[in-house]
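Presented below is the structure to which this report refers.
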Amino acid sequence: MELTFSLTHTTKVGFAKSFADFAGSLGQDCCFVIDRSLESLVESLPDVRVFYIDGEKEKDLNHVESCLEWLIDLNAGRKTTLVAVGGGATTDFAAFTASIYNRGMRLVLLPTTLLSAVDSSIGGKTAVNFVAKNTIGTFYPAHEVVIIEDLFKTLSSQQIASGKSEIIKLALIKGGRLADMVFAVDDLLSEEAITLAILGKYEIVSADFTDTLEKRIVLNWGHTFGHAIEIYYALPHGMAVAAGMVLAQEWAEIAGADEVFPAKELEKLLQKHGVNNDLQKYRNENKWRKFIMLDKKRNLDRISMVYLKKTGVPGIIYRNSNDILRDLEELR
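For reference, each letter of the sequence shown is one residue, going 1 to 332 in the numbering used here.
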């Protein structure tokens with residue numbers, strides 16, 4: 001006899017005008033994990049219980065242990081709501097902690113950057129750093145994601161560009177209305193664009209939640225090269241992935257793919273939306289390339305290289321890592 005069943009999880013996504021509006025809707029049994037730079041957000045809340053984290057540099061197991069001890073001291077239960085407030089590093093950390101505390105506690109994510117709103121907060125992946133970036137993690141989708149519109153008004157131009165690169169990636173992978181907005185250079189900070197980006201990622205993720213069917217892997221476009229660039233140059237994630245997307249298109253042409261969305265056209269499209277990178281530097285320098293071997297999608301020595309054939313049609317090329325490194329020499 002053979003039985004097959006599936007388990008589902010529902011994530012509610014909503015918009016709020018301000019943090020005060022959101023905080024007013026919370027019950028008493030909640031606590032916060034907040035990026036240290038956002039301390040002023042919760043100063044006015046009565047009897048607030050907060051664990052502060054200093055972004056990516058504290059996204060590790062030592063701080064997870066400290067957070068777990070803090071939750072135990074609070075007598076937090078499975079129905080206690082853990083609210084994560086911050087960018088992708090903070091939401092990754094809080095979601096991982098929530099997933100392992102009492103085998104899972106209620107989780108609400110409040111992303112404060114455009115990138116985390118359309119990327120790390122959607123899809124259920126959690127992670128902390130161990131030796132390399134995001135090497136330890138779980139799948140644990142949030143019960144609720146709340147987008148605070150006012151917080152995006154305080155973002156730097158680089159933070160906005162970093163988030164836009166993720167929206168552009170999703171738009172070109174999915175096609176449709178969001179892609180039309182990208183090509184028309186419409187406002188990607190609008191509620192419509194953000195909603196379409198979230199829905200686009202959800203559609204891909206829901207077909208392959210645990211990333212085992214090679215459907216979700218298309219979201220890795222730009223990440224094989226992008227993560228390597230991010231590690232070596234300490235570049236913001238979205239900016240590094242944008243560079244990785246263009247380089248992936250150039251690499252696909254070198255690798256002999258039959259149909260490839262033109263890299264130059266992609267580069268110009270990114271620039272129109274204010275996503276600018278020193279791509280020639282990455283073409284000329286090779287020190288960052290050794291970090292390609294840290295790609296989490298690598299299977300033994302084979303890497304699944306995602307590229308874009310045309311709008312709405314991604315492609316995958318399976319290639320030995322040494323062959324990829326050799327091909328990259330032709331980019332100079």
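Each residue gets a CB set at the ideal place from its N, CA and C atoms; glycine is no exception.
These figures come from a predicted structure and were not determined experimentally.
Query                                                                                                                               : Result
Asn-286 in three-state terms, based on DSSP                                                                                         : coil
Segments of 4+ residues assigned as alpha helix (DSSP H) that fall wholly inside the segment 199 to 239                             : 223 to 233
Endpoints, beta strand (DSSP E) assigned at Thr-81                                                                                  : 81 to 86
Exposure label - Leu-107; buried when at least 16 CB within 10 Å                                                                    : buried
One or two residues paired with Pro-314 in a DSSP bridge                                                                            : Leu-308
DSSP-derived helix/strand/coil call for Val-182                                                                                     : helix
Same chain, Cβ closer than 8 angstroms to Lys-287, neighbours up to 5 away in sequence not counted                                  : Tyr-232
Coarse secondary structure for Ala-257, derived from DSSP in three states                                                           : coil
Own chain partners of Ser-99 with C-beta closer than 7 angstroms, once the 5 adjacent residues on each side are dropped             : Thr-126, Thr-138, Tyr-140
Buried or exposed (CB count within 10 angstroms, at least 16 for buried), Gln-271                                                   : exposed
For Thr-97 and Asn-277, the rounded distance between their alpha carbons                                                            : 34 angstroms
Beta-carbon proximity of Leu-38 to Val-83, cut-off 7 angstroms                                                                      : no
Alpha-carbon spacing of Gln-159 relative to Ile-72, whole angstroms                                                                 : 35 angstroms
Proximity winner among Tyr-101, Leu-110, Trp-70, Ala-95, relative to Val-13 (alpha-carbon distances)                                : Leu-110
Other residues of its chain near Ala-207: CB distance less than 7 angstroms, five sequence neighbours each side excluded            : Lys-215
DSSP beta-bridge partners of Lys-125                                                                                                : Phe-139
Buried or exposed (CB count within 10 angstroms, at least 16 for buried), Val-246                                                   : buried
According to DSSP, residues forming a beta bridge with Ala-16                                                                       : Ile-148
Cut-off 6 angstroms between Cβ atoms - residues of its own chain near Leu-188, not counting five sequence neighbours on either side : Lys-164, Ile-167
Any non-hydrogen atom of the ligand PLP within 6 angstroms of Ile-231 CB                                                            : Ligands displayed in this structure: none; no statement on the ligand PLP is therefore possible.
Option nearest Tyr-52 by Cα separation, candidates Ile-173, Ala-132, Ala-89                                                         : Ala-89
Check whether Leu-172 and Leu-308 have beta carbons under 7 angstroms apart                                                         : yes
Continuous beta strand (DSSP E) assignments of at least 3 residues falling wholly in the segment 47 to 108                          : 50 to 53, 81 to 86
Burial state of Val-218, where buried means 16 or more other Cβ atoms lie within 10 Å                                               : buried
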